[in-house]
Structure formats: C-alpha cells, structure tokens
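In what follows, a single structure is set out as structure tokens and then discussed.
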Amino acid sequence: MDVKRTDTGFTLVLILPDPERDYVIEADASNQAVGAVLMQDQGNGLQPIAYLSKKLDEAELNYPIHDKEALTIVIALNAWRCYLEGRRTTVYTDHCSLKYLKTQPNLSRRQVRWIDFLETHFHYDIVDKLGHKNKADALSRLAHIAAIQVEGMNPLLKGLFILGYALDPEIPLAEKRHLLQWDIDIAYRKGSTKIWVPNYPPLRQLLLKEYHDVLYAGHFGSNMTLTGIAKHYYWPHVAENVQNFVTSCDTCQRMKSSKQKKAGLLQPLPVPEQPWQVVSLDFIIGLPPTTSGHDAILVVINKFSKMGHFIPTHTIACTEETAQLFVRYIISQHGIPTTLISDRDPKFTSKFWKELMSLLGTKIAMSSACHPQTDGQTERLNQIVSNSSVQRARTTSPNGTCICPS
82 MDVKRTDTGF TLVLILPDPE RDYVIEADAS NQAVGAVLMQ DQGNGLQPIA YLSKKLDEAE
142 LNYPIHDKEA LTIVIALNAW RCYLEGRRTT VYTDHCSLKY LKTQPNLSRR QVRWIDFLET
202 HFHYDIVDKL GHKNKADALS RLAHIAAIQV EGMNPLLKGL FILGYALDPE IPLAEKRHLL
262 QWDIDIAYRK GSTKIWVPNY PPLRQLLLKE YHDVLYAGHF GSNMTLTGIA KHYYWPHVAE
322 NVQNFVTSCD TCQRMKSSKQ KKAGLLQPLP VPEQPWQVVS LDFIIGLPPT TSGHDAILVV
382 INKFSKMGHF IPTHTIACTE ETAQLFVRYI ISQHGIPTTL ISDRDPKFTS KFWKELMSLL
442 GTKIAMSSAC HPQTDGQTER LNQIVSNSSV QRARTTSPNG TCICPS
C-alpha cells in the first residue's frame, strides 16, 4: 500500500526508531513557540519518528532570537533523550550562528547551563538549513497559536476596540503594572495571545452575544460560554460577567428547565466494560418540522464513551420504523448491544420490539414509571438538543423551521 505524502514528499506516517542508526532533528523557533521533528534514515530516506511543539512561557518570550533558537535544540534533545543518548545526532536549524554555540567566546550563564547539559548527555552536530526547507518551521507556527491576526479583524470590531481603549480609564493602570502589551493598536494580555478587551460596555456585550446568543453558539451555559471567550479574549472579572449575562438571558430563562438536584441518594448505573455494550434510547418529539418532514429525533447514547447518534424521524413513527432506524444506524455500525436502556414508550413495550430484542440477545432495561432520572444521561442530553433546535428555529425562521439532521 502506498504511503500518503505531503506536497514536499515528506511522509505523514510515523516510523519506529532503530536504536542502531543515527538520528536527525530539524528544529525551529518563532516569536511565540518552538517546534522540532525527530527523523531517521532506515533505507527509505529520512522519515519522521516524532513531532514536538511547545508554546514559550512568559520568561522565554523575552529571550533574544539567538537564545530562542538554542532553547529549541535543548527542548528537543531533552524530550527525545531516551532515544538520543549514545547515538550521533545531527541537528538542523535555520539560525546559522548556532553552529558556533560551543566555540563563541562570550556566553551568558543561561547558555553555559545549556551547553553543559548538551555536552554531558548527547553527541550532536549543529548544521544550518534554510528556513523554507526546515520541516519544523510549521510546527513552531501552529494555527491555533497564530489564530488571532489583527490584520484579519473586522474593521467595525477593530474600531470598537480602539474606541474602547481610548475611553477605558483602567488601561493606563494596566500598562503601568505591565499587564498588557500592544501590537498594531490592539492590546494583548502580557505573555499571551489573548486580546485585552477594554471596559467598554457595547464591545463586551457584543462579544458575550457572539459566544452565547448567535445561531452556532446554542445558548449554552456559563461554563461553555466562558470557555469560548477565554480562548481569544481576556478582561478582568470576565467569568463574573459571563455568569451574569447567561443568568439574565431571556431565551434561556424561557426555554430551559431547572437543573436543581432531586432529593435523595443517586443510584448510578454500572459502567460498561466496552463501547456499545450498553446503549440508551429516547425520543425528542414535537419539534418544528424540517423541510423533509422530520419532527422528531431518536437519540441513541453509548453509555461507555458517551458517543451519541441523533437520528431524524417522525413523531408518529411506528415500532417497525424505529427498529429499522436502530438496525441501520446502530447495529450496522457498532454491533449488537447486550443491554438496551429506554423509557416505557409504547414502541419499546410492544410485543414486536420485545421479540426483536430477544432474537438479537439484547436485554431490555426500562426505567421506572414517571421516573426519567433512571436514564438521566440521555434525558440531560435531550434537553441540550431540544433547546438548541427550538432556539435555532426561533432565530432562523418566524415559522419555526427546525434545524436538525435530515
């Protein structure tokens, strides 16, 4: 079977190291991160054994470029020390001056420590290589590290940031305390790629709505909303602001049910030994219909891995149709489960369904009457799916056309 390769001819499949052969490392550093790839020639040219990427911490970000490139070599050799000790290693870098690291007359104490560590544990040679030919160049510039580019910011949003910085009385104090750093009119939290959001209510409200109210946000809770914002933005007391915003959301108050824990002791179901050994079934019915006529969802959850299937169906679907969906989407992909957990829906209590499960060798475990907590995991997921579907329908169409799989 042919091995897939990139446009540069570099294989995408990792190989196992051969302890009897020498190693090759290509290393590179950017302003914010370092990257390296460990390779070996086992008769088919250089092939990768392992990749490495690491974001620089607050102190390392202040290193000069010479030290950042040297730090990359130290990190790479130390990370793969179990392979490299006792073998000759060639290190390629696009920083030419590192060839003279061991012979340069003036060394800082940091460089002395690094050289002492390298000379004690490794047999290595440093060779310079053009940056565009260095395979580690991409590893030091990962997409999620360089995701926030000021040049790509919406002009209106950027204008709100600039106006907010001018009106925020807390910005000079933050600068005095060295809490932020500037780059093309945009402030970032010191030592981070997160944009510092000024104390400008229209801007903060806009960001909160983007991560909570819009169609793809789904009106999730404060934790998930905060997680989305915290990936790219920061401002003091952001968690408190998110909590207050979500708590006061009119749509959430109208559409979501209470999550208050019921009185009494919980009786959790046993944890299965393997995936798709125990599954749970339930329906979400009465949804606004799609263009294809579906107005219900059959929810099937794997109790082991929590993986779920959301199968479009109809509220009036009969037992035979439900069985066909179960065989088509679950059994054909994951095999026959040993236990099936469901409520006492007439479809699941019918003679046909019981006979089918008996022939398949699947045990039926039904919840207690009027006690949905028996299958609380599926019921909780149903709430999320139902809330998102209805909220999206209200957002996209005054007629209530629901967005669900079809």
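Position in the sequence shown (first residue = 1) + 81 = this note's numbering. Just so you know, even glycine gets a beta-carbon here, dropped at the ideal spot from N, CA and C. Being a predicted model, the structure only gives us computed values, none of them experimental.
Quick check: what's the CA-CA separation for residue i versus residue j?
{"i": "ALA228", "j": "LEU289", "result": "Bear in mind that the predicted position of ALA228 carries a pLDDT of just 47, short of 50, making it too unreliable to give a figure here."}
{"i": "ILE156", "j": "ALA108", "result": "10 Å"}
{"i": "GLY240", "j": "PRO253", "result": "19 Å"}
{"i": "LEU165", "j": "TYR314", "result": "40 Å"}
{"i": "ARG335", "j": "ASN143", "result": "50 Å"}
{"i": "ALA247", "j": "VAL295", "result": "28 Å"}
{"i": "LEU158", "j": "VAL208", "result": "15 Å"}
{"i": "LYS136", "j": "GLN113", "result": "6 Å"}
{"i": "THR89", "j": "GLN286", "result": "Only weak support exists for where THR89 lies, its pLDDT of 44 falling under 50; the value from the coordinates is given anyway. Their Cα atoms are separated by approximately 46 Å."}
{"i": "PHE429", "j": "PRO356", "result": "22 Å"}
{"i": "SER329", "j": "MET305", "result": "16 Å"}
{"i": "ILE186", "j": "ARG168", "result": "Note that residue 186 is Pro in the sequence shown here, rather than Ile. Using only the alpha carbons, I get a separation of about 28 Å."}
{"i": "LEU211", "j": "THR201", "result": "28 Å"}
{"i": "ILE265", "j": "GLN414", "result": "52 Å"}
{"i": "PHE203", "j": "ARG162", "result": "8 Å"}
{"i": "LYS444", "j": "GLN358", "result": "11 Å"}
{"i": "GLU402", "j": "THR372", "result": "20 Å"}
Provide the residue span of the alpha helix (DSSP H) that contains residue i, from first to last.
{"i": "VAL323", "result": "319-328"}
{"i": "ILE252", "result": "252-257"}
{"i": "HIS202", "result": "190-202"}
{"i": "GLU150", "result": "146-160"}
{"i": "THR306", "result": "303-311"}
{"i": "ASP249", "result": "Looking at the DSSP string, ASP249 is not in any alpha helix (DSSP H), and its letter there is neither H nor E."}
{"i": "ASP363", "result": "Counting along the chain, ASP363 falls outside any alpha helix (DSSP H), though it belongs to the beta strand (DSSP E) covering 359-365."}
{"i": "TYR292", "result": "282-293"}
{"i": "SER431", "result": "That residue, SER431, is in no alpha helix (DSSP H); it is neither H nor E in DSSP."}
{"i": "THR332", "result": "331-336"}
Kindly indicate the opening and closing residues of the beta strand (DSSP E) around residue i.
{"i": "MET120", "result": "114-122"}
{"i": "LEU261", "result": "261-264"}
{"i": "GLU107", "result": "104-110"}
{"i": "TYR269", "result": "267-270"}
Considering only their Cβ atoms, is the gap separating residue j from residue i smaller than 8 Å?
{"i": "ARG425", "j": "SER439", "result": "no"}
{"i": "TRP434", "j": "ALA398", "result": "no"}
{"i": "ILE96", "j": "TYR173", "result": "no"}
{"i": "TYR132", "j": "THR170", "result": "no"}
{"i": "ILE196", "j": "LEU179", "result": "no"}
{"i": "LYS384", "j": "PRO353", "result": "yes"}
{"i": "ILE310", "j": "TYR292", "result": "yes"}
{"i": "LEU421", "j": "ALA446", "result": "yes"}
{"i": "ASP148", "j": "ARG191", "result": "yes"}
{"i": "PRO100", "j": "VAL118", "result": "no"}
{"i": "GLN123", "j": "TYR104", "result": "no"}
{"i": "GLY272", "j": "GLU139", "result": "yes"}
{"i": "ASP363", "j": "PRO370", "result": "no"}
{"i": "LYS281", "j": "LYS275", "result": "Rather than Lys, the amino acid found at residue 281 in this sequence is Tyr. Taking 8 Å as the Cβ cut-off, TYR281 and LYS275 do not qualify as a contacting pair."}
{"i": "HIS176", "j": "GLU141", "result": "no"}
Going by DSSP, which residues form a beta bridge with residue i?
{"i": "THR174", "result": "ASP209"}
{"i": "ARG409", "result": "ARG409 is not bridged to any residue."}
{"i": "THR394", "result": "ALA377"}
{"i": "MET447", "result": "SER423"}
{"i": "LEU127", "result": "ASP122"}
{"i": "TYR315", "result": "TRP277"}
{"i": "TYR132", "result": "VAL118"}
{"i": "ASN383", "result": "VAL360"}
{"i": "GLY416", "result": "Paired residue(s): none; GLY416 is not in a bridge."}
{"i": "GLY389", "result": "ILE382"}
If residue i sits next to residue j, beta carbons under 8 Å apart, how far is it from one beta carbon to the other, in whole angstroms?
{"i": "ILE392", "j": "ILE382", "result": "About 12 Å; that fails the 8 Å criterion."}
{"i": "VAL360", "j": "ILE411", "result": "7 Å"}
{"i": "ALA298", "j": "LEU307", "result": "Contact flag wrong, Cβ pair sits at about 12 Å."}
{"i": "PRO367", "j": "VAL327", "result": "Note that residue 367 is Gly in the sequence shown here, rather than Pro. Wrong, their Cβ atoms sit about 26 Å apart, outside the cutoff."}
Does the beta-carbon of residue i, which I'm using as the reference point, lie nearer than 7 Å to any heavy atom of the ligand ADP?
{"i": "TYR104", "result": "For the ligand ADP, the structure offers nothing, since it holds no ligand at all."}
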